[in-house]
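Enquirer: In terms of my numbering, the sequence shown opens at residue 2 and continues consecutively. Every residue gets a Cβ at the ideal spot worked out from N, C-alpha and C, and that includes glycine. From a predicted model like this one, the values you see are computed outputs, not experimental measurements. Below is one structure. I have some questions about it.
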Amino acid sequence: MNYVLVTGGAGFIASTVADQLLAAGADVTALDNFDPYYDPAQKRRNIRAAQANPRYELVEADVAEAHEVDRVFARRRPDLVIHLAAKAGVRSSVADPHAYLRTNELGGLNVLDACVRHGNVPLCLASTSSVYGNSTQPPFDEEASAVCPLSPYAASKRASELMAYTFNYLHKLPVAVLRFFTVYGPRGRPDMAVAKFTELLLSGQTIRMHGEETERDFTFVEDIAAGVLGAGRWISENRGFGTFNLGRSEPVRVRRLIELLAAELGVEAKIELGELEPSESKVTSANTARAQAAFGYSPRISLEEGIKAWAHWYRTSDESPRQG
Numbered sequence: 002m003n004y005v006l007v008t009g010g011a012g013f014i015a016s017t018v019a020d021q022l023l024a025a026g027a028d029v030t031a032l033d034n035f036d037p038y039y040d041p042a043q044k045r046r047n048i049r050a051a052q053a054n055p056r057y058e059l060v061e062a063d064v065a066e067a068h069e070v071d072r073v074f075a076r077r078r079p080d081l082v083i084h085l086a087a088k089a090g091v092r093s094s095v096a097d098p099h100a101y102l103r104t105n106e107l108g109g110l111n112v113l114d115a116c117v118r119h120g121n122v123p124l125c126l127a128s129t130s131s132v133y134g135n136s137t138q139p140p141f142d143e144e145a146s147a148v149c150p151l152s153p154y155a156a157s158k159r160a161s162e163l164m165a166y167t168f169n170y171l172h173k174l175p176v177a178v179l180r181f182f183t184v185y186g187p188r189g190r191p192d193m194a195v196a197k198f199t200e201l202l203l204s205g206q207t208i209r210m211h212g213e214e215t216e217r218d219f220t221f222v223e224d225i226a227a228g229v230l231g232a233g234r235w236i237s238e239n240r241g242f243g244t245f246n247l248g249r250s251e252p253v254r255v256r257r258l259i260e261l262l263a264a265e266l267g268v269e270a271k272i273e274l275g276e277l278e279p280s281e282s283k284v285t286s287a288n289t290a291r292a293q294a295a296f297g298y299s300p301r302i303s304l305e306e307g308i309k310a311w312a313h314w315y316r317t318s319d320e321s322p323r324q325g
C-alpha cells in the first residue's frame, strides 16, 4: 500500500483513514467533490492538517463522472483504492432517492470500472449496516439476509455491493466490502445523531428520540479507520472477495448515548419519545468474527471514551464547526 486513492477523501471517515495511511507511510490522493449535503467548509477543515504533508494530494472530482475518475487513475496507478465517496443519510435518501442512485450506484460503478481497466487495482468498498434492515436477528453476521433494505440509501449501498461481486466474478477484481456500524467521533457529520444531539443539548432544546428500545452499535471512527487499513492489507495480499462487518459489537440504547453525552457536556437532557421512522432499523449489532480472523480487527475505544473524545474535539478543536 505505497500509494492509496481515497474517494470521498475530505469526509468524516475518509479523512481519518487518510490520516492513518499517512502515519503508516503511504502516499495518499484524496478525491472529493465537496458536495453541499453539509457545509463544504467543514470538509476542508477535516483535511487541513493532511494538506501540510508532502505525501498528500487533494483532487477535486466527482465519482459519478467516469472521465474524472479515469483521469485520476491515469495520472498514477494506485496500489489500493478505498472507496468512501457516498451520498449518506437514511432519512435524506427518502426525500431525494435520485441523488443516492447517482452517487452511490453510478459512482461505485465508475470506481469499479476504473479499477479493472487500470490493472485490477484492489478495492475496499465502504458499505453500511443498513443493508441488513430488520430482516435478521442480531448480532448480524455477513451471511445474514440483506435483501430487504428499508431506505433508498441502504438499497443503493446494497446495489453497489452486488456490482462489486459481479466485477470480482467476471474480472477477478479484488474487493473487500466493509459494512460500517453507526460510526461517530471527531469530524462527524452534522446530520449524524451524536452531532445533532450535541447541538440540541448545548442549546437546551428537546431531543426527539425515535423509539424507546432503539439500539445502535456505536463505533468510534479511529477503530473503523484501523479496520479499513486492515482490510486494505488483506485484500492487497489475498486478491479475492470478502464482506466484513466493522463495528464495536456492543449495541446500546440510544437513550444511554444521550445520557452519556449530556453528562460529558455538563447539561441536562430533555427527551421526547417519538415513533421509529419506517426507514430506520430497530437494532444494529455487528458480529465481527470474520474481520477479526482475517485481519485482526479489534476495536479499542469504549463508548464512554469515545464520547469524551468527541466532546473534547467539539469544544476545542479548530476543525470543529464551533471553531470554524
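Quick check on the DSSP output: what are the complete beta strand (DSSP E) runs of length 3 or more inside the stretch 221 to 252, in order along the chain?
Expert: Listed in chain order, the complete beta strand (DSSP E) runs (minimum 3 residues) inside the stretch 221 to 252 are 242 to 247.
Enquirer: When you compare each of Asp192, Gly275, Ser280 and Val229 to Gln43 by their alpha carbons, which one comes out closest?
Expert: Sequence index remark: in the sequence shown, residue 43 carries index 42 (1-based). Selected option, being the one with the closest Cα: Asp192.
Enquirer: So what does DSSP say about Ala51, is it helix, strand or coil?
Expert: Numbered from 1 along the sequence shown, position 50 holds the residue referred to as residue 51. DSSP places Ala51 in helix when its eight states are reduced to three.
Enquirer: I'd like the ranges of any beta strand (DSSP E) spanning at least 3 consecutive residues and lying wholly in the stretch 94 to 175.
Expert: Listed in chain order, the complete beta strand (DSSP E) runs (minimum 3 residues) inside the stretch 94 to 175 are 124 to 129.
Enquirer: Determine the burial state of Arg217: buried for a count of at least 16 other Cβ atoms within 10 Å of its Cβ, exposed for fewer.
Expert: As a first step, residue 217 is located in the sequence shown; it is residue number 216 there, counting from the start. Per the 10 Å Cβ criterion, buried.
Enquirer: Below 8 Å, how does it come out for the stretch 172 to 190 and the stretch 119 to 130: are there three or more Cβ pairs, yes or no?
Expert: Yes, the stretch 172 to 190 touches the stretch 119 to 130.
Enquirer: Going straight from the alpha carbon of Tyr101 to that of Ala87, what length do you get?
Expert: Counting from 1 along the sequence shown, the entry for residue 101 is found at position 100. Counting from 1 along the sequence shown, the entry for residue 87 is found at position 86. For Tyr101 and Ala87, the distance between alpha carbons rounds to 8 Å.
Enquirer: Please classify Pro37: is it buried, with 16 or more other beta-carbons within 10 angstroms of its beta-carbon, or exposed?
Expert: Numbered from 1 along the sequence shown, position 36 holds the residue referred to as residue 37. It is exposed - the Cβ of Pro37 has fewer than 16 other Cβ atoms within 10 Å.
Enquirer: Quick check on this structure: which residue in Asn135, Leu85 and Gln206 has the alpha carbon closest to the alpha carbon of Lys158?
Expert: Your numbering for residue 158 matches position 157 in the sequence shown. For the residues Asn135, Leu85 and Gln206, the minimum Cα distance to Lys158 belongs to Leu85.
Enquirer: Expressed to the nearest angstrom, what Euclidean distance is found between the alpha-carbon atoms of Thr95 and Thr244?
Expert: Start at 1 with the first residue of the sequence shown, and residue 95 comes out as number 94. Start at 1 with the first residue of the sequence shown, and residue 244 comes out as number 243. The sequence given here places Val at residue 95; Thr does not occur at that position. One C-alpha to the other measures close to 26 Å.
Enquirer: Just to check my reading of the structure: Leu258 and Phe219 have Cβ atoms closer than 8 Å, yes? What is that Cβ distance to the nearest angstrom?
Expert: The sequence position of residue 258 within the sequence shown is 257, counting from 1. The sequence position of residue 219 within the sequence shown is 218, counting from 1. Sure, about 6 Å apart at Cβ, within 8 Å.
Enquirer: Here's the rule I'm using: 16 or more other beta-carbon atoms within 10 Å means buried, otherwise exposed. How should Thr104 be labelled?
Expert: By one-based count along the sequence shown, residue 104 stands at place 103. Classification for Thr104: buried.
Enquirer: Assign Thr207 to buried or exposed, taking buried as 16 or more other Cβ atoms, counted over all protein chains shown, within 10 Å of its Cβ.
Expert: Locating residue 207 in the sequence shown gives position 206, where the first residue counts as 1. It is exposed - the Cβ of Thr207 has fewer than 16 other Cβ atoms within 10 Å.
Enquirer: Out of Val70, Arg76, Asn135 and Gly189, state which residue places its alpha-carbon closest to the alpha-carbon of Ala89.
Expert: Within the sequence shown, numbered from 1, the residue matching residue 89 stands at position 88. If we check each option's Cα against that of Ala89, Gly189 comes out closest.
Enquirer: If you draw a straight line from the C-alpha of Leu126 to the C-alpha of Val7, how long is it?
Expert: Along the sequence shown, one-based indexing puts residue 126 at 125. Along the sequence shown, one-based indexing puts residue 7 at 6. Answer to the nearest angstrom: the Cα atoms are 10 Å apart.
Enquirer: Would you kindly report the start and end of the unbroken beta strand (DSSP E) that includes Tyr57?
Expert: Within the sequence shown, numbered from 1, the residue matching residue 57 stands at position 56. Element bounds for Tyr57: Tyr57 to Glu61.
Enquirer: Mind checking Asn169: buried by the 16 CB within 10 Å criterion, or exposed?
Expert: Translated into positions along the sequence shown, residue 169 becomes position 168. Asn169 should be labelled buried.
Enquirer: Excluding sequence positions up to five away, which residues of its chain have a Cβ less than 7 Å from the Cβ of Val1?
Expert: Because the chain in this structure spans residues 2 to 325, residue 1 falls outside the shown range and cannot be described.
Enquirer: Taking C-beta to C-beta, are Leu23 and Arg56 nearer than 8 Å?
Expert: Residue mapping note: residue 23 aligns to position 22 of the sequence shown, counting from 1. Residue mapping note: residue 56 aligns to position 55 of the sequence shown, counting from 1. Yes, the pair counts as a contact, with Cβ atoms nearer than the cut-off.
Enquirer: Could you check what DSSP says for Ala287 in three-state terms: helix, strand or coil?
Expert: Reading the sequence shown from its first residue, position 286 is the one you call residue 287. Correct three-state label for Ala287: strand.
Enquirer: In whole angstroms, what is the alpha-carbon distance linking Glu276 and His211?
Expert: Here residue 276 is taken as the residue at index 275 of the sequence shown, counted from 1. Here residue 211 is taken as the residue at index 210 of the sequence shown, counted from 1. Each residue's alpha carbon lies about 5 Å from the other.
Enquirer: Excluding five sequence neighbours on each side, which residues of the same chain lie with their C-beta closer than 6 Å to the C-beta of Ile236?
Expert: Here the question's residue 236 lines up with position 235 in the sequence shown. For Ile236, where only same-chain residues beyond five positions count, the Cβ hits under 6 Å are Pro123, Pro175 and Ala177.
Enquirer: Among Ser130, Ala156 and Pro153, whose alpha-carbon lies nearest the alpha-carbon of Glu144?
Expert: The sequence position of residue 144 within the sequence shown is 143, counting from 1. Of the listed residues, the one whose Cα sits closest to Glu144 is Ser130.
Enquirer: Between Asn47 and Glu269, what straight-line distance do the alpha-carbon atoms span, to the nearest angstrom?
Expert: Taking the sequence shown and counting its residues from 1, one reaches residue 47 at position 46. Taking the sequence shown and counting its residues from 1, one reaches residue 269 at position 268. Straight-line Cα distance between these residues: approximately 30 Å.
Enquirer: Taking a contact to mean a Cβ-Cβ separation below 8 Å, would you say Glu213 touches Leu274 in this structure?
Expert: What you label residue 213 is simply residue 212 of the sequence shown in a count that begins at 1. What you label residue 274 is simply residue 273 of the sequence shown in a count that begins at 1. Contact flag set, yes.
Enquirer: Would you say the stretch 194 to 204 touches the stretch 142 to 156, given that touching needs at least three Cβ pairs under 8 Å?
Expert: At 8 Å Cβ cutoff, the stretches do not touch.
Enquirer: Rounded to whole angstroms, what is the Cα-Cα separation between Glu238 and Ala295?
Expert: For this step, residue 238 is matched to residue 237 along the sequence shown. For this step, residue 295 is matched to residue 294 along the sequence shown. Between Glu238 and Ala295, the C-alpha separation is close to 11 Å.
Enquirer: With a threshold of 7 Å on Cβ separation, who are the neighbours of Val229 within its own chain once the five nearest residues in sequence on each side are excluded?
Expert: Here residue 229 corresponds to residue number 228 of the sequence shown, with the count starting at 1. For Val229, where only same-chain residues beyond five positions count, the Cβ hits under 7 Å are Val18, Ile83, Cys125 and Leu179.
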